[in-house]
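Data block below; observations after.
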Amino acid sequence: MRKLIWQLYPSYLLIICLSIVAVMLYISFSFKSFYLNKYEEELKIKALLVKPLITANFDNREAMAKICRRWREDVPLRITVISHDGNVIVDTDHDVSFMENHESRTEITTAKKNKRYGSAIRYSTTLQQNMMYVVVPIMRNTQIIAFIRVAIPTTDIDNVISTLIAKIIIVLILCAICAIIISLIVANKISGPIEELEQGAEKLAQGDLSTRLSVSKFKEISSLAETMNKMAAQLEHKIQQVVQQRNEHEAVLASMVEGVFAVDQHARILNMNQTAQTFLQVESTDIKGKSVEEVIRNEELKQLVKKAILSSDTIEEDILLGDKEKIVQTRGIILHDQGNNVIGTLVVMNDVTRLRKLEKMRREFVANVSHELRTPITSIKGFVETLMDSDLDDKPQVQRFLKIIARQADRLHFIIEDILTLSRIEQGVEIEEISLFPSSIREVLENAIQMCEVRAKEKHIDIFLKCPQEKMEGNINPELLEQAIINLIDNAVKYSPADRKIDVEVSKRESSLKIDVKDEGRGIPPEHIPRLFERFYRVDKARSRELGGTGLGLAIVKHIIIAHKGEIKVQSEIDKGSIFSIILPK
1 MRKLIWQLYP SYLLIICLSI VAVMLYISFS FKSFYLNKYE EELKIKALLV
51 KPLITANFDN REAMAKICRR WREDVPLRIT VISHDGNVIV DTDHDVSFME
101 NHESRTEITT AKKNKRYGSA IRYSTTLQQN MMYVVVPIMR NTQIIAFIRV
151 AIPTTDIDNV ISTLIAKIII VLILCAICAI IISLIVANKI SGPIEELEQG
201 AEKLAQGDLS TRLSVSKFKE ISSLAETMNK MAAQLEHKIQ QVVQQRNEHE
251 AVLASMVEGV FAVDQHARIL NMNQTAQTFL QVESTDIKGK SVEEVIRNEE
301 LKQLVKKAIL SSDTIEEDIL LGDKEKIVQT RGIILHDQGN NVIGTLVVMN
351 DVTRLRKLEK MRREFVANVS HELRTPITSI KGFVETLMDS DLDDKPQVQR
401 FLKIIARQAD RLHFIIEDIL TLSRIEQGVE IEEISLFPSS IREVLENAIQ
451 MCEVRAKEKH IDIFLKCPQE KMEGNINPEL LEQAIINLID NAVKYSPADR
501 KIDVEVSKRE SSLKIDVKDE GRGIPPEHIP RLFERFYRVD KARSRELGGT
551 GLGLAIVKHI IIAHKGEIKV QSEIDKGSIF SIILPK
């Protein structure tokens, strides 16, 4: 695989070359237009200067001819006097008897129409070369009686313009060479830290959590490196905790530090160790001979003891103790004496609260973070690449991209807390903690589309936003709703063929807002739609993994919409596409 710089630099070179060509074409056109206008204005002035002399001697052809020849000697011009009906009266460069009627000439017809002047650049059949003509009418009693036409060959103009353009081209080529060298240096400085970041990230992905990414002098790359270093440190810490917990469990089994108590067949306490007393919050040490009903207050544990006494098999359950904050793995095992007679039941309690929470946290963390971090990281990379492709002197454009990158870096910083919040939302425990406030729907949708444009452009997919009102607002959490829209658009891009389009449309109802994300993808079979929003459910598992999906995107969308007290619906037709509709209360 080629290095990043050589993947990016050809595009820089192409942009520079295209820019140079565009500038040359623009300058050529501009200068040619400028000089043509300049020469035309000069010809017009000369025609107006000679006009009084011709008008005064209009009835004397010889006098007019002398005046024209004298002007011809002073100024290298072709001067022609033409009657109102197009016949040539005087011409300084050609015998008028051999000249055809000029009434249909462009410059004559223009001057007749506006009665001020006319101009044209055309091929002269008389002189057999391209000429610039300017005509002014001779008026008598508001009527045109003749025309004075002055002309020069365009070869002189073309030579001046060509010389000037040649000099400009040389300057532009020198500028292009400098720009190419500078862009190569800049691209190398930017791609170097990114390549180092990529190598470090690959080590982290391979399980080397002790690796720490070097901090670049670029703020955006530095923020990303610091965030990934924090993530690696937290993962390493969590894994160490899990390993430590496992070692603690092994030590407990070896030294019998589990909570243990024994009861006889009449459910009277035979013995209870200190750990069990701590678990059950039993303060008295004189508990032998007392019934389970007197000593134990937890109803689940009482029921487990009764079942274990009556059963010949091992009974095992997880029981919540205290204020349901401690999870105790409890086993009820039949006790036999040496004669294999049943004498009671042994209850072994192991505090697995921390282990269960860590296991749950680890599963949800790995699953959700792998999905949720992908979009902002891809977005950051995309806008960094866009910056490298862009003109860094365009400060407003650069500033806009940097703000987007900064926002995504902030998203990475808070992503773990957001995922834990979404997990609580799914369980229906802390929905009220999600803050909803009036915000611009259009701004949320524009941000979401902007985050997905890089990936969409790779497949030549256009994303269109249809929002009827600029200031349409909804009672929403902008960050969560933006993430939901990003997930829907990202799925649409993934599962749509190239050269298609995606429509994001907002419509207003009496008591709700409806946001539709329409694609032209392969569609979803009807039998899959009811389970579409389940965690880890995939319509096409192989294709989903190939495209980088985790099966969590739509589940997250569903619970974000639930947090907004809204609903989400799906309409789909095979080979025609799908419509995901979000309905939010106003």
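Each step along the sequence shown adds one to the number in the UniProt record's numbering, with nothing skipped, and position 359 is 359.
For each residue, glycine too, the CB sits at the ideal point set by N, CA and C.
K112: not part of any beta strand (DSSP E); member of the alpha helix (DSSP H) spanning 106 to 114, first to last residue. A262 is classed as buried because its beta carbon has at least 16 other beta carbons within 10 Å across all chains shown.
DSSP, read as helix, strand or coil, puts N188 in helix. For the pair Q206 and A233, the Cα-to-Cα distance works out to about 15 Å. In the structure shown, A406 adopts helical secondary structure according to DSSP, grouped into three states. The three-state secondary structure of Q281, taken from DSSP, is coil.
Sixteen is the threshold: since fewer than 16 other Cβ atoms of the shown chains lie within 10 Å of the Cβ of P497, the residue is exposed. The residue among V135, D156, N475, I327 with its C-alpha nearest the C-alpha of A146 is V135. Fewer than three pairs of CB atoms, one per stretch, sit closer than 8 Å, so the segment 113 to 127 makes no contact with the segment 61 to 74. Boundaries around N130 are those of the beta strand (DSSP E), 129 to 140, since no alpha helix (DSSP H) includes it. Bounds of the beta strand (DSSP E) holding E473 are 473 to 476. As a beta-bridge residue in DSSP terms, S291 pairs with R268.
DSSP places I380 in the helix class (H, G or I) of the three-state scheme. Here Y495 carries a coil assignment [DSSP, helix/strand/coil]. Closest in alpha carbon position to K586, among L513, T92, V539, is L513.
The segment 236 to 246 and the segment 258 to 272 do not touch, with fewer than 3 CB-CB distances between them shorter than 8 Å. Taking a C-beta distance under 7 Å as the contact criterion, I568 and I582 qualify as a contact pair. Across the set G86, G259, L480, I144, the C-alpha of G259 shows the shortest separation from the C-alpha of T275.
A direct Cα-to-Cα measurement between V517 and K494 gives close to 14 Å. Straight across, the Cα-Cα distance linking K238 with R363 is about 12 Å. A straight-line Cα-Cα distance of about 57 Å links C452 and N114. A direct Cα-to-Cα measurement between G332 and D323 gives close to 23 Å.
DSSP places M349 inside the beta strand (DSSP E), whose first and last residues are 342 to 351.
At the C-beta level, T126 and H94 come within 7 Å of one another.
With fewer than 16 other Cβ atoms from the protein chains shown falling within 10 Å of its own Cβ, H266 counts as exposed.
The C-beta of D156 has fewer than 16 other C-beta atoms within 10 Å across all chains shown, which makes the residue exposed. Here F580 is buried. Its C-beta has 16 or more other C-beta atoms within 10 Å. Residue environment for D499: exposed (fewer than 16 other C-beta atoms within 10 angstroms of its C-beta). By the CB criterion at 7 Å, L164 and F34 fall outside the cutoff. Its Cα nearest to that of G289, the residue D264 stands out among E300, K306, D264.
Annotation: V454 to K471 spans about 26 Å, alpha carbon to alpha carbon. For the 7 Å CB-CB criterion, I489 and L465 do not form a contact.
If you draw a straight line from the Cα of I309 to the Cα of R522, it is about 60 Å long. If you draw a straight line from the Cα of E226 to the Cα of Q199, it comes to about 15 Å. At the C-beta level, R78 and T55 stay beyond 7 Å of one another.
Approximately 7 Å separates the beta-carbon atoms of M132 and L43; this is inside 8 Å, confirming the contact.
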